[in-house]
Amino acid sequence: MELGQQFLQQMVNGISLGSIYALIALGYTMIYGIIKLINFAHGDIYMVGAYIGFFAITQAGLGIVPALLVSLVTTGLLGMLVEKLAYKPLRHAPRLSVLITAIGVSFFLEYTSMYFVSPTPRTFPQVMDNVAVNIGGLVINGQQMLILGITFVLMVILTYIVKFTNTGKAMRAASFDVETAQLMGINSDRIISITFCIGSALAAVAGVLVGIYYNSIDPLMGIMPGLKAFVAAVLGGIGILPGAVVGGIILGVVEALVSGFISSTFRDAAAFAILILVLLVRPTGIFGKNTKEKV
Amino acid sequence: MFKGMKYLRKNDAIMLGFAIVLFAVLQGLVTGRVLSSFWQLNVLIIGINIIMAVSLNLINGYTGQFSLGHAGFMAVGAYVGVVLTTNFHAPFVVALLAGGAAAAFLGVLIGIPTLRLSGDYLAIATLGLGEIIRIVIMNIEYVGGAAGFKGIPHLTNLAWVFWVTVIALFFIKNFVNAQPGRACLAIRENEIAAESMGVNTTKYKVMAFAIGAGFAGIAGGLFAHCFYLISPASFTFMASFNYLIMVVMGGMGSITGSIAGAFVVTFLSAALASWPEFRMIIYALALIFLMFYRPQGLFGYMEITNMGPFRKIFGRPQAQKLKGGKADE
Numbered sequence: 001m002e003l004g005q006q007f008l009q010q011m012v013n014g015i016s017l018g019s020i021y022a023l024i025a026l027g028y029t030m031i032y033g034i035i036k037l038i039n040f041a042h043g044d045i046y047m048v049g050a051y052i053g054f055f056a057i058t059q060a061g062l063g064i065v066p067a068l069l070v071s072l073v074t075t076g077l078l079g080m081l082v083e084k085l086a087y088k089p090l091r092h093a094p095r096l097s098v099l100i101t102a103i104g105v106s107f108f109l110e111y112t113s114m115y116f117v118s119p120t121p122r123t124f125p126q127v128m129d130n131v132a133v134n135i136g137g138l139v140i141n142g143q144q145m146l147i148l149g150i151t152f153v154l155m156v157i158l159t160y161i162v163k164f165t166n167t168g169k170a171m172r173a174a175s176f177d178v179e180t181a182q183l184m185g186i187n188s189d190r191i192i193s194i195t196f197c198i199g200s201a202l203a204a205v206a207g208v209l210v211g212i213y214y215n216s217i218d219p220l221m222g223i224m225p226g227l228k229a230f231v232a233a234v235l236g237g238i239g240i241l242p243g244a245v246v247g248g249i250i251l252g253v254v255e256a257l258v259s260g261f262i263s264s265t266f267r268d269a270a271a272f273a274i275l276i277l278v279l280l281v282r283p284t285g286i287f288g289k290n291t292k293e294k295v
Numbered sequence: 296m297f298k299g300m301k302y303l304r305k306n307d308a309i310m311l312g313f314a315i316v317l318f319a320v321l322q323g324l325v326t327g328r329v330l331s332s333f334w335q336l337n338v339l340i341i342g343i344n345i346i347m348a349v350s351l352n353l354i355n356g357y358t359g360q361f362s363l364g365h366a367g368f369m370a371v372g373a374y375v376g377v378v379l380t381t382n383f384h385a386p387f388v389v390a391l392l393a394g395g396a397a398a399a400f401l402g403v404l405i406g407i408p409t410l411r412l413s414g415d416y417l418a419i420a421t422l423g424l425g426e427i428i429r430i431v432i433m434n435i436e437y438v439g440g441a442a443g444f445k446g447i448p449h450l451t452n453l454a455w456v457f458w459v460t461v462i463a464l465f466f467i468k469n470f471v472n473a474q475p476g477r478a479c480l481a482i483r484e485n486e487i488a489a490e491s492m493g494v495n496t497t498k499y500k501v502m503a504f505a506i507g508a509g510f511a512g513i514a515g516g517l518f519a520h521c522f523y524l525i526s527p528a529s530f531t532f533m534a535s536f537n538y539l540i541m542v543v544m545g546g547m548g549s550i551t552g553s554i555a556g557a558f559v560v561t562f563l564s565a566a567l568a569s570w571p572e573f574r575m576i577i578y579a580l581a582l583i584f585l586m587f588y589r590p591q592g593l594f595g596y597m598e599i600t601n602m603g604p605f606r607k608i609f610g611r612p613q614a615q616k617l618k619g620g621k622a623d624e
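Residue numbers (the working numbering), protein chains in the order written: chain A, 1 to 295; chain B, 296 to 624.
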């Protein structure tokens, strides 16, 4: 394979991987936008989503779309439950306490799942035939098309919710300023709850898609993608939805290029190097607006 | 000023006496074979974790700079140390100091650019840097790559760990109570106010970061020489979380707290070693409930020297007011 073609092939792989990061990053960025919390448990919500999808397919014998829906709804509810039980009591606590709680929730989800589903990785069932489209030597396989298609549909739905519904308007208001939004009659607890629900549902879909893409899931699979999705969110400008998508895709592409042309062991380092570069050069991210520091 | 010095020396003498007694008891337990070899190792690990927790507390608790990459500095100290002892047959003390110096140097190098960031961004940047350090080590063939470094001489024993811990505690306690430490506290309370009062915030932040990193490097050297093999997998950000949890559990801004946190966390994880999943679930729940009911940690800002009955022994009316004021809130 010549170099140019290899480059394009890695771009395709990178965009598929990147759209998964984008789905997780959207949840991160929405949650951070409203309650200013790096929800370390978000990666584990994604893992739970993958397992629910796995059991929906293997135990209940559902097809891919119903399995996605089951996983989306259940994990969305789980996200709300986590917020109610763990973060809501700390609404007025220092941010560090909430961050530590998030680490605690993350450990809790990881090891409770490990207890119930055993630490050994599971092979995700083959849910679709091995189809692949070959465009002039450039191979796009069925899983990649599925990932891109589902991500696209979800983005359209999310844009609709955030831009054109009352709930979405309330979410945007709350992410500007929770207290002022409350004064305007917005029930901020409800909005935060809904944000967690939507964010977790998106992560769940990402989990199932990763299961389909890599054929393997395990209880600790959420740690790295969780962190990288945060990197993606920061890269795009935290709190900004299109930023999360662009950030996720850039991250996926860079990772694919690094593992394709340098070495796959430096994949994770590349993600963090991007993060540090962004933080040093443009801490507000690609789409971020500059805010002045106030005393 | 002079009077203060006298109190300080009196307290140090009491503490030193206490340390000698404690050392004698521990050494007795080890040589008398009262402790099984599993618990002997864990006594060493507790000491090492105390150094890690106290040095992280200097950065997170006293200076208020949220670092999540402490395990990375530990890794640097560990690898520099094992290369020196194993490949160059350097004396242990040289290896420890070199490891500490390398980690401190890296701390300065990393600290100058990243400490411009604050809060969550600093946390994630340091986490990323810690991971980058680990990944770079993983890709250096000379130190064994991902498989780890084998054939490390077993040099760490109770005496080394114990007295290095005592030195670290003494150093950090004095740093915090001296002028640079006060500057760090001012930065924690309000960076802008500190800066306008003439505190060179960058200088003190980098200083605290470098000292913290340096002690983490020394702790890494001690840690590595407990085992035959070390691998980069011991220094993931999960390890950094672990040290953070010790600090938070004990109380950010309390040396006594860090000691207690390191002890409790290490002891619990050793005691529950046979049930690894349960261990982590209990651990997670403990963390969440601690944040619900006692977010300032077990000790808050308090030190054992100004609590209850110990206040009489360590009586230091002036200093008590300085430190105790905050905890009474």
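All residues carry an ideal CB built from backbone N, CA and C; glycine is no exception.
Answer yes or no: does any C-beta atom of chain B fall closer than 8 Å to that of A/Val-281? no
Closer than 9 Å, Cβ to any Cβ of chain B: which residues of the region 86-115 of chain A, in chain order? Ala-86, Pro-89, Leu-90, Ala-93, Pro-94, Arg-95, Leu-96, Ser-97, Val-98, Leu-99, Ile-100, Thr-101, Ile-103, Gly-104, Val-105, Ser-106, Phe-107, Phe-108, Leu-109, Glu-110, Tyr-111, Thr-112, Met-114 and Tyr-115
For the region 257-272 of chain A, list every residue whose C-beta sits within 7 Å of some C-beta in chain B, in sequence order. Thr-265, Phe-266, Asp-268, Ala-269 and Phe-272
Nearest-angstrom beta carbon gap, A/Leu-227 and A/Gly-43 [assumed within contact, 8 Å]: 7 Å
Work out the CA separation of B/Ala-481 and B/Ala-565 for me, nearest whole Å. 38 Å
Do B/Ile-467 and B/Gly-394 have their beta-carbon atoms positioned less than 8 Å apart in this structure? no
Distance, Cα to Cα, B/Ala-534 vs A/Ile-274? 23 Å
Using a C-beta cutoff of 8 Å, does A/Ile-276 count as contacting chain B? yes
Anticipated Cβ contact below 8 Å, A/Ile-35 with A/Ala-229, distance rounded: Not quite, the Cβ-Cβ distance comes to about 17 Å (not below 8 Å), so this is no contact.
Which of helix, strand or coil does DSSP assign to A/Ser-216? strand
Cα-Cα separation, A/Val-98 to A/Thr-180: 22 Å
Out of B/Ile-346, B/Gly-516, B/Ala-390 and B/Leu-424, point me to the one whose CA is closest to A/Leu-279's CA. B/Leu-424
Does any residue of chain A have a CB that is nearer than 8 Å to the CB of B/Asn-344? no
So, is the C-beta of B/Val-559 closer than 8 Å to a C-beta in chain A? no
Where does A/Arg-190 land, buried or exposed, given buried means 16+ other C-beta within 10 angstroms? exposed
Quick test of your reading: B/Phe-368 and B/Phe-457, contact by CB under 8 Å. State the CB separation rounded to the nearest angstrom. Not confirmed; about 22 Å, so no contact.
Which residue or residues does DSSP assign as beta-bridge partners of B/Ile-525? B/Phe-444
Can you check whether the C-beta of A/Gly-247 is within less than 8 Å of a C-beta belonging to chain B? no
Any Cβ of chain A within less than 8 Å of the Cβ of B/Tyr-416? yes
Interface residues of chain A around B/Val-543 at Cβ under 8 Å? Leu-96 and Ile-100
Considering only the beta carbon of each residue, do B/Gly-406 and B/Val-501 sit closer than 8 Å? yes
Check whether the region 567-584 of chain B touches the region 385-392 of chain B, taking contact to mean three or more Cβ pairs, one atom from each stretch, closer than 8 Å. no
CB B/Ser-549 to CB B/Tyr-596, shorter than 8 Å? yes
Is the distance from the Cβ of B/Thr-561 to the Cβ of B/Asn-355 below 8 Å? no
For the region 503-564 of chain B, which segments carrying the alpha helix (DSSP H) assignment without a break, of at least 4 residues, lie completely within its bounds, in sequence order? 532-545
When the distance is taken between beta carbons, is B/Ile-346 closer than 8 Å to B/Phe-584? no
On the DSSP letters alone, give me the boundaries of the beta strand (DSSP E) that A/Asn-134 sits inside. 132-135
Measure the beta-carbon distance from A/Pro-94 to B/Pro-590 and round it to whole angstroms, keeping in mind my assumption that it falls under 8 Å. 7 Å
Using the Cα positions of A/Phe-54 and A/Gly-211, report the straight-line distance between them to the nearest angstrom. 8 Å
Beta-carbon neighbours of B/Glu-436, restricted to chain A and to distances below 8 Å: Per Cβ cutoff of 8 Å: no residues; B/Glu-436 is ~12 Å from chain A at best.
Quick one, are the C-beta atoms of B/Phe-594 and B/Gly-546 less than 8 Å apart? yes
Candidates B/Ser-553, B/Thr-551, B/Tyr-523 and B/Phe-504: closest to B/Gln-360 by CA position: B/Phe-504
With a threshold of 8 Å between beta carbons, is A/Val-295 in contact with chain B? Residue confidence for A/Val-295 is low, a pLDDT of 48 falling below 50, so the modelled location carries little weight and cannot support an answer.
With 16 other Cβ atoms within 10 Å as the buried cut-off, status of B/Glu-484: exposed
What's the call for A/Asp-268, buried or exposed, on a 16-neighbour Cβ count within 10 Å? buried
CA nearest to the CA of B/Val-438, picked from B/Thr-380, B/Tyr-538 and B/Phe-573: B/Thr-380
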